[in-house]
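S.K.:
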Amino acid sequence: LDLEPQDIPLTIVFEDDQLVVVDKPAGMVVHPAAGNRDGTLVNALLHHCRGRLSGINGVERPGIVHRIDKDTSGLLVVAKTDAAHEGLARQFADHSIHRRYLAVCAGHPNPAEGTIDARLGRSDRDRKKMAVLAKDSSRGKHAVTHYRLVQRLAHAALIECRLETGRTHQVRVHCASIGHPLLGDPVYGRTPKPLRELLARLDFTRQALHAAELGFVHPTTGETVEFRAELPPDMRELIDETAR
Numbered sequence: 035l036d037l038e039p040q041d042i043p044l045t046i047v048f049e050d051d052q053l054v055v056v057d058k059p060a061g062m063v064v065h066p067a068a069g070n071r072d073g074t075l076v077n078a079l080l081h082h083c084r085g086r087l088s089g090i091n092g093v094e095r096p097g098i099v100h101r102i103d104k105d106t107s108g109l110l111v112v113a114k115t116d117a118a119h120e121g122l123a124r125q126f127a128d129h130s131i132h133r134r135y136l137a138v139c140a141g142h143p144n145p146a147e148g149t150i151d152a153r154l155g156r157s158d159r160d161r162k163k164m165a166v167l168a169k170d171s172s173r174g175k176h177a178v179t180h181y182r183l184v185q186r187l188a189h190a191a192l193i194e195c196r197l198e199t200g201r202t203h204q205v206r207v208h209c210a211s212i213g214h215p216l217l218g219d220p221v222y223g224r225t226p227k228p229l230r231e232l233l234a235r236l237d238f239t240r241q242a243l244h245a246a247e248l249g250f251v252h253p254t255t256g257e258t259v260e261f262r263a264e265l266p267p268d269m270r271e272l273i274d275e276t277a278r
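See the structure below:
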């Protein structure tokens with residue numbers, strides 16, 4: 035099951051002999067899975083790095099230390115060496131990685147700043163979905179998101195979310211759980227009526243979520259590094275149109 039290196043353009047934010055930081059576009063899957071063998075970030079990286087990626091996560095996921103959803107844009111760090119992979123994985127495990135997301139949610143969160151501390155696990159009703167579980171549940175994982183209102187928009191808001199943990203769909207489920215689902219989210223969202231036409235006109239069909247900042251201790255130099263990725267055009271347009 036050899037994965038094919040593919041010459042797919044990548045936005046490289048930083049690269050050295052240990053790791054690569056990529057600004058992933060929305061719509062790109064991170065690694066191959068059943069029924070999805072090519073066009074992924076891994077295929078692009080195999081070509082870009084000439085196959086030199088950490089093997090710790092197995093042949094299907096070379097270099098992959100963490101993931102962001104297919105339709106989430108933004109920063110992702112990839113390990114070229116096993117040493118880098120181990121050093122980064124440790125920081126993800128102890129939650130010392132700095133991750134800041136920008137999102138456009140429905141409505142205006144009140145209070146404007148807060149912490150969502152709610153366990154996440156597979157939904158009983160639909161195994162493909164994640165859900166907030168009871169605090170004392172033996173299932174799922176502890177998850178914490180700190181949010182802050184950045185800009186009030188019409189029937190929506192630009193918020194920043196700082197992740198203490200990085201669970202599957204964490205920002206999307208946490209925001210929906212406090213009544214402010216992300217605009218465009220096909221799974222957890224409910225677009226406010228006044229915005230439905232706008233989203234259709236803009237053809238905005240993904241969750242409005244962007245991994246804007248990523249910071250960590252470089253696994254071999256020991257230096258603290260921080261990277262930023264500008265909002266992509268589709269989210270910028272969504273904000274401009276709802277800011278009027």
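Numbering (the working numbering), first residue to last: 35 to 278.
Think of the CB as a built atom: it goes at the ideal place given N, C-alpha and C, for glycine as much as any other residue.
Just verifying my parser: in three-state terms, what is the DSSP assignment at Thr202?
M.R.: Within the sequence shown, residue 202 is the residue found at index 168, counting from 1. Coil, per DSSP.
S.K.: Just to check my reading of the structure: Leu197 and Arg133 have Cβ atoms closer than 8 Å, yes? What is that Cβ distance to the nearest angstrom?
M.R.: Looking up residue 197 in the sequence shown gives position 163. Looking up residue 133 in the sequence shown gives position 99. Contact holds; Cβ gap of about 4 Å.
S.K.: Using DSSP's beta-bridge definition, name the partner residues of Lys58.
M.R.: Sequence index remark: in the sequence shown, residue 58 carries index 24 (1-based). Looking at the DSSP assignment, Lys58 forms a beta bridge with Gly108.
S.K.: Tell me Met164's beta-bridge partners as DSSP assigns them.
M.R.: The residue given as residue 164 occupies position 130 in the sequence shown. For Met164, which the question treats as bridged, DSSP gives the partners Arg156.
S.K.: Please classify Gln185: is it buried, with 16 or more other beta-carbons within 10 angstroms of its beta-carbon, or exposed?
M.R.: In the sequence shown, the residue the question calls residue 185 occupies position 151. Result: exposed.
S.K.: Could you check if Cys242 is buried or exposed, using at least 16 other CB atoms within 10 Å of its CB as the buried criterion?
M.R.: Your numbering for residue 242 matches position 208 in the sequence shown. Looking at the sequence itself, residue 242 is Ala, so the reference to Cys does not match. It is buried - the Cβ of Ala242 has at least 16 other Cβ atoms within 10 Å.
S.K.: Excluding the 5 residues preceding and the 5 following Arg182 in the sequence, name in chain order all residues of the same chain whose CB lies nearer than 6 Å to its CB.
M.R.: By one-based count along the sequence shown, residue 182 stands at place 148. So the qualifying residues of the chain are Glu147 and Glu194.
S.K.: For the alpha helix (DSSP H) that Ala127 lies in, which residues bound it at each end?
M.R.: Translated into positions along the sequence shown, residue 127 becomes position 93. Element bounds for Ala127: Asp116 to Ala127.
S.K.: Helix or strand or just coil, what does DSSP make of Lys227?
M.R.: If you number the sequence shown from 1, residue 227 lands on position 193. DSSP places Lys227 in helix when its eight states are reduced to three.
S.K.: Tell me, please, whether the stretch 202-213 touches the stretch 137-151 by the rule of three or more beta-carbon pairs shorter than 8 Å.
M.R.: Touching, yes, given that three or more Cβ pairs across the two stretches are closer than 8 Å.
S.K.: Got a sec? Which residues, its chain only, sit under 7 Å from Ala78 by beta carbon, not counting five neighbours each side?
M.R.: Here residue 78 is taken as the residue at index 44 of the sequence shown, counted from 1. Once the five neighbours on either side are set aside, the close Cβ partners of Ala78 are Gln40, Ile42 and Leu44.
S.K.: Using the rule of at least 16 other Cβ atoms within 10 Å of the residue's Cβ for burial, across every protein chain shown, is Pro145 buried or exposed?
M.R.: Numbered from 1 along the sequence shown, position 111 holds the residue referred to as residue 145. The residue in question, Pro145, is exposed, as its Cβ has fewer than 16 Cβ neighbours within 10 Å.
S.K.: Is Val207 helix, strand or coil when you go by DSSP?
M.R.: The residue labelled residue 207 in the question sits at position 173 within the sequence shown. Helix at Val207.
S.K.: So, Leu122 versus Val99, is the Cβ gap smaller than 7 Å?
M.R.: Working through the sequence shown from its first residue, we reach residue 122 at position 88. Working through the sequence shown from its first residue, we reach residue 99 at position 65. Yes, the pair counts as a contact, with Cβ atoms nearer than the cut-off.
S.K.: DSSP three-state label for Leu79, please.
M.R.: Here residue 79 is taken as the residue at index 45 of the sequence shown, counted from 1. Leu79 falls in the helix class under three-state DSSP.
S.K.: So the candidates are Val259, Ala263 and Ala191; which of them puts its Cα closest to the Cα of Leu229?
M.R.: For the purposes of this step, residue 229 is taken as residue 195 along the sequence shown, with counting starting at 1. Closest by alpha carbon: Ala191.
S.K.: The alpha helix (DSSP H) that contains Leu272, what's its start and end?
M.R.: Start at 1 with the first residue of the sequence shown, and residue 272 comes out as number 238. Its alpha helix (DSSP H) spans residues Pro267 to Thr276.
S.K.: Just checking, does the stretch 50-60 make contact with the stretch 94-111 on the three C-beta pairs under 8 Å criterion?
M.R.: Cβ pair count under 8 Å is three or more, so yes.
S.K.: Can you tell me whether DSSP reads Leu232 as helix, strand or coil?
M.R.: Within the sequence shown, the letter at position 198 stands for residue 232. It is helical.
S.K.: If we count the other Cβ atoms within 10 Å of its Cβ and call it buried at 16 or more, is Ala263 buried or exposed?
M.R.: Against the sequence shown, residue 263 aligns to sequence position 229. Ala263 is buried by the Cβ-count criterion.
S.K.: Could you give the distance in angstroms between the alpha-carbon of Phe238 and the alpha-carbon of Thr225?
M.R.: Here residue 238 refers to the residue found at position 204 when the sequence shown is read from its first residue. Here residue 225 refers to the residue found at position 191 when the sequence shown is read from its first residue. Answer to the nearest angstrom: the Cα atoms are 11 Å apart.
S.K.: Beta-carbon separation of Phe261 and Leu248 under 7 Å?
M.R.: Here residue 261 refers to the residue found at position 227 of the sequence shown. Here residue 248 refers to the residue found at position 214 of the sequence shown. Their beta carbons are under 7 Å apart, which means Phe261 touches Leu248 by this criterion.
S.K.: Reducing DSSP to helix, strand and coil, say where His244 ends up.
M.R.: One-based indexing of the sequence shown puts residue 244 at position 210. Of the three classes helix, strand and coil, the one that applies to His244 here is strand, per DSSP.
S.K.: Measuring straight from C-alpha to C-alpha, what distance separates Ser88 and Leu265?
M.R.: Here residue 88 refers to the residue found at position 54 when the sequence shown is read from its first residue. Here residue 265 refers to the residue found at position 231 when the sequence shown is read from its first residue. Rounded to whole angstroms, Ser88 to Leu265 spans 29 Å at the Cα level.
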